[in-house]
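Remarks on the structure that follows.
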Amino acid sequence: MPRRWAAAVACLLALVALACEGGRAEPGPTGAPPGAGGIAALGDSLSTGFGSCLVLTSCERNSWSTGDGLRVRSHYRRLLDRDPGVRGRAFNHARPGARAAALAGQAEAAVRDRPDRVTVLIGANDVCRGGVEAMTPVAEFRAQVDRGLRALRTGRPKARVLVVSIPDLYRLWQVGHTDARAVRAWSRGVCPALLAAPTSQAPADRARRAAVRERIVAYNGQLAAACRAYGSRCRYDGGAVHRVRFGLDLVNPLDWFHPNAAGQGRLAEVSWRAWGGTD
21 MPRRWAAAVA
31 CLLALVALAC
41 EGGRAEPGPT
51 GAPPGAGGIA
61 ALGDSLSTGF
71 GSCLVLTSCE
81 RNSWSTGDGL
91 RVRSHYRRLL
101 DRDPGVRGRA
111 FNHARPGARA
121 AALAGQAEAA
131 VRDRPDRVTV
141 LIGANDVCRG
151 GVEAMTPVAE
161 FRAQVDRGLR
171 ALRTGRPKAR
181 VLVVSIPDLY
191 RLWQVGHTDA
201 RAVRAWSRGV
211 CPALLAAPTS
221 QAPADRARRA
231 AVRERIVAYN
241 GQLAAACRAY
251 GSRCRYDGGA
261 VHRVRFGLDL
271 VNPLDWFHPN
281 AAGQGRLAEV
291 SWRAWGGTD
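Its first residue numbered 21, the sequence shown is counted upward by one per residue in the working numbering.
So this is what it looks like as structure tokens:
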């Protein structure tokens, strides 16, 4: 591809993303003094705004946790409304594809940012990457979550931590498996443990989906227990995000899996309330 065409394509993608967002909050100062507070996000693509700007890549300005875009009233924007001093103190260490094994490294990076609040949403890839046999064992998942939380407690003991439940992915299959658009997208390898052969009612496929559903419930139980073990500075959302009734109107129209801007906004609203926020 000629360089001028490559440049044109890159500009077009940038314009599409900006148009989708519909504006952006004012950027904050860089080089804020240590200990200035703010918020950090740990986890996977659900916290990076993946797919929320009409391209299948991270769109952190729409993150439910740390986003500064105008379409999502994120935790960061809610904190900014309360305290202008946190401007520019939003750090997103979540990464698409991350499993619980990555949590400790993300936590160590967050400690260096010295936030006062940290959100944790992890586990979807421990279920989704590969088939049922590839799902992370429950005990291993718990140990990896504990390592991540231990890194936070050691490095930032006064920070408030919110551990968020894994969304009900099984419900997404329920509402999407009769939609031809979702079925086509899922056939490209989206969460195959759950969404492979989405229209099949064969006993083996039904058992596979049930196993995924049960594993998510088990992971959420371990997330709650890990937060209790952490101590009073950690709050579990009580399953609030898992209870969100995600429909196709809350996911993007490319992979029909990751939340769109409206879905990210819903995650922000529910999890903020679970953290004790009232606005």
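Backbone N, C-alpha and C fix where the C-beta goes; we use that ideal spot for every residue, glycine too.
Cβ-Cβ separation, residue j to residue i (assumed contact under 8 Å), whole Å
i, j, result
"Val92", "Gly285", "5 Å"
"Val232", "Val147", "6 Å"
"Val210", "Asp275", "5 Å"
"Asp188", "His262", "5 Å"
"Ser67", "Ala61", "5 Å"
"Gly297", "Arg98", "6 Å"
Start-to-end residues for the beta strand (DSSP E) that takes in residue i
i, result
"Asn112", "Ala110 to Asn112"
"Thr139", "Arg137 to Leu141"
"Gly63", "Ile59 to Gly63"
"Arg255", "Cys254 to Tyr256"
"Leu182", "Arg180 to Val183"
Among the options, the one whose alpha carbon lies nearest that of residue i
i, options, result
"Ala110", "Leu90, Gly57 and Val152", "Gly57"
"Leu123", "Ala245, Thr219 and Arg167", "Arg167"
"Gly105", "Asp136, Tyr239 and Gly267", "Asp136"
"Ser65", "Arg119, Gly89, Leu90 and Leu100", "Arg119"
"Gly87", "Ala154, Asn145, Ala281 and Thr174", "Ala281"
"Ile186", "Gly143, Gln194 and Ala200", "Gly143"
"Arg235", "Arg253, Ala224 and Tyr190", "Tyr190"
"Arg132", "Thr174, Glu153 and Gln164", "Thr174"
"Ala238", "Arg201, Arg81 and Met155", "Met155"
Status (buried if at least 16 other CB within 10 Å, exposed otherwise) for residue i
i, result
"Gly150", "exposed"
"Pro273", "exposed"
"Leu32", "At Leu32, the pLDDT of 45 sits below 50, so the modelled position is not reliable; the number obtained from the coordinates is stated separately. Flag for Leu32 reads exposed."
"Ala222", "exposed"
"Pro218", "buried"
"Gly251", "exposed"
"Gln194", "exposed"
"Gly267", "exposed"
"Gly117", "exposed"
is_contact[residue i, chain D] using C-beta, thresh 9 Å
i, result
"His278", "In the structure shown, chain D cannot be found, because there is only a single protein chain."
Beta-carbon proximity check, residue i vs residue j, cutoff 9 Å
i, j, result
"Asp257", "Trp295", "yes"
"Gly69", "Ser83", "yes"
"Ala114", "Gly196", "no"
"Ser85", "Ser291", "yes"
"Leu169", "Ala127", "yes"
"Val271", "Leu215", "no"
"Leu172", "Val181", "yes"
"Arg134", "Arg107", "no"
"Val264", "Leu243", "no"
"Glu152", "Ala213", "For clarity, residue 152 is Val in the given sequence; the question names Glu instead. Yes, Cβ-Cβ distance for Val152 and Ala213 is below 9 Å."
Residue range of the unbroken alpha helix (DSSP H) whose run includes residue i
i, result
"Gly241", "Pro223 to Tyr250"
"Gly296", "Counting along the chain, Gly296 falls outside any alpha helix (DSSP H), and DSSP gives it neither H nor E."
Near the ligand COA: residue i beta-carbon under 8 Å from a heavy atom
i, result
"Val181", "Of ligands this structure carries none, so the ligand COA is not represented either."
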